[in-house]
Amino acid sequence: MTTTTEPVAATPTDPAPVAGASRWLDVALGAALQTGDVAVGMVADLRRAASRRRRWVGELAVRGAAERARGQRRAVAAARSAVTTVATSGPVDLVVDAQLERVLRPVVRVVLDDVLVLLEQEPERIQALIRGQRESMVDEVVCRIRTGAAAGDAAVDRLTARMFHRRSETGAGAGAR
Amino acid sequence: MATSVPSEYAGPVSRTVAYALDVLTVAVLFAGGAVVAGMIASVIGEWAYDLARAAASAYLVVLPAMLAFYGTLFWALAGRTPGMAVLALRVVATGRESPSWPSACVRGVVLAYFPIGALWALVDRRHQAVHDKLARTVVVRVPSTTTARSAGG
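Taken in sequence, the protein lines are chains A and B. Residue numbering for the first sequence follows numbering that gives the first Met the number 0, starting at 0 and increasing by one per position. Residue numbering for the second sequence follows numbering that gives the first Met the number 0, starting at 0 and increasing by one per position.
In structure tokens form, the structure reads like this:
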């Protein structure tokens, strides 16, 4: 944006100042224009200052975000290190072992007994699960064998077709019957 | 059997794998039977034990006959052997849907006693081996539920 704070220079075609009331009218008009020019210059200065401030704030935000991320990484690493140190320390091992012996093992034993009783009463639940697992494993193996064999067929077909310079008919489905 | 889905001719690799599975099945069954017969014969008497030993020593002669019987039975009844079922293959006659008993018998005997003729499938346009030509059959690959399930899952 271009602002003109310089007063407009008089050109030869401009009329000469006149005396009397018209002179004061011209003075008032010139003062108003001068004020406008000054105001435009001030607004431009303010905009430039605001732009510099925004840029400065943005740079500060970027730096702050980077520092924050770095600090978080450091904190996580420090926390992990501290947890590892504590978890692998001898006293903690002793405490955990004692709690396992005291709480977990009896609970597991009781729950296991319950599960075994439940399975004895309703064997079809686990049977269906095992059967489904076994069938899916067998299906996967069979599918792999078939896929490998089909790939081998295609490779042999390509080889023989190249050797005997003929077009393979393996894919001609309608002719099979 | 009437399938409306299009099939493709089975290649030599699939057929060889299926044949190997069938031979393995027959050999294991025959060996197990020979062992059981030997144990029973040893209890029954000396002459039965000698007979079982003689049968076991004729393993290589009897095995092709067993293979021919096995193949004939399965091709005529189901159109496929267990080995072919694993590979999703099926034997179909060229003029009809399933092979007849004589056709299955010719196929089984020729394949069991002249297995080198299977090499013709390498150069044949429809992958027909010698036993296929004589029995007027082709081996096709059929889409199976297992493959469809695996592809869909």
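Every residue, glycine too, gets a C-beta built ideally from N, C-alpha and C. This one's a predicted model, so the numbers in the text were calculated from it and none came from an experiment.
Check your understanding: Which stretch, first to last residue, makes up the alpha helix (DSSP H) that contains Gly124 (chain B)?
Key -> For the record, residue 124 (chain B) in the displayed sequence is Arg; it is not Gly. Unbroken run through Arg124 (chain B): none, as it is neither H nor E.
Practice item. Let me know if Asp25 (chain A) comes out buried or exposed under the rule of 16 or more other beta-carbons within 10 Å of its beta-carbon. Key: exposed
Exercise for review: Mind checking which residues open and close the beta strand (DSSP E) that includes Thr136 (chain B)?
Suggested key: 136-140
Point to revise | Within chain C, partners of Gly151 (chain A) - CB distance below 9 angstroms | key: The structure shown contains no chain C; its protein chains are A and B.
Check your understanding: What separation, rounded to the nearest whole angstrom, lies between the Cα atoms of Pro122 (chain A) and Val110 (chain A)?
Key -> 17 angstroms
Practice item. Enumerate in chain order the residues of its own chain whose CB-to-CB distance from Met83 (chain B) is below 6 angstroms, with the five nearest sequence positions on each side excluded. Key: Ala17
Review point. Could you give the distance in angstroms between the alpha-carbon of Arg14 (chain B) and the alpha-carbon of Leu88 (chain B)?
Key: 8 angstroms
Exercise for review: Report the option in B:Val138, B:Val139, B:Pro81, B:Cys104 whose CA atom is closest to the CA atom of Thr24 (chain B).
Suggested key: B:Pro81
Practice item. Please list the partners that Val122 (chain B) has in chain A, where partner means a Cβ-to-Cβ separation under 8 angstroms. Key: Simply Thr159, Phe163.
Practice item. Quick one: using the 10 Å Cβ neighbour count with 16 as the cut-off for buried, is Gly10 (chain B) buried or exposed? Key: Label assigned to Gly10 (chain B): buried.
Point to revise | As assigned by DSSP and simplified to three states, the class of Arg69 (chain A) | key: helix
Exercise for review: Just confirm the distance between the C-beta atoms of Ala77 (chain B) and Ala55 (chain B), as a whole number of angstroms; I'd bet it's less than 8 angstroms.
Suggested key: With 8 angstroms as the limit, Ala77 (chain B) and Ala55 (chain B) do not qualify as a contact, their Cβ atoms being about 30 angstroms apart.
Check your understanding: Do the segment 45-52 of chain B and the segment 61-80 of chain B meet, that is, are 3 or more Cβ pairs less than 8 angstroms apart?
Key -> no
Point to revise | Whether Pro98 (chain B) touches Val90 (chain B) by CB criterion (7 angstroms) | key: yes
Practice item. Just the C-alpha distance for Val138 (chain B) and Ser135 (chain A), rounded to the nearest angstrom, thanks. Key: 27 angstroms
Review point. DSSP beta-bridge partners for Arg89 (chain B)?
Key: Bridge partners of Arg89 (chain B): B:Val139.
Exercise for review: At 7 angstroms on the CB atoms, spell out the chain B contacts of Ala148 (chain A), in chain order.
Suggested key: Under the 7 angstroms cutoff, chain B gives Val12, Ser13, Val16, Leu86.
**Study point:** Arg176 (chain A) to Leu133 (chain B) span [Cα, whole Å]
**Key:** Its pLDDT being 35, under 50, Arg176 (chain A) is placed unreliably by the model, and the measurement read from it follows with that caveat. The alpha-carbon atoms of Arg176 (chain A) and Leu133 (chain B) are separated by roughly 17 angstroms.
Review point. What did DSSP end up calling Glu96 (chain B) once you bin it into helix, strand or coil?
Key: Note: Glu96 (chain B) maps to coil in three-state DSSP.
Review point. Would the beta-carbon of Gly151 (chain A) fall within 7 angstroms of that of Val109 (chain B)?
Key: Against a cut-off of 7 angstroms, the Cβ pair of Val109 (chain B) and Gly151 (chain A) comes out as no contact.
Review point. Enumerated in chain order, which unbroken segments of the alpha helix (DSSP H) with a length of 4 residues or greater are wholly contained in the segment 24-48 of chain A?
Key: none
Review point. In whole angstroms, what is the alpha-carbon distance linking Gly107 (chain B) and Tyr69 (chain B)?
Key: Taking the straight line joining both Cα atoms gives about 8 angstroms.
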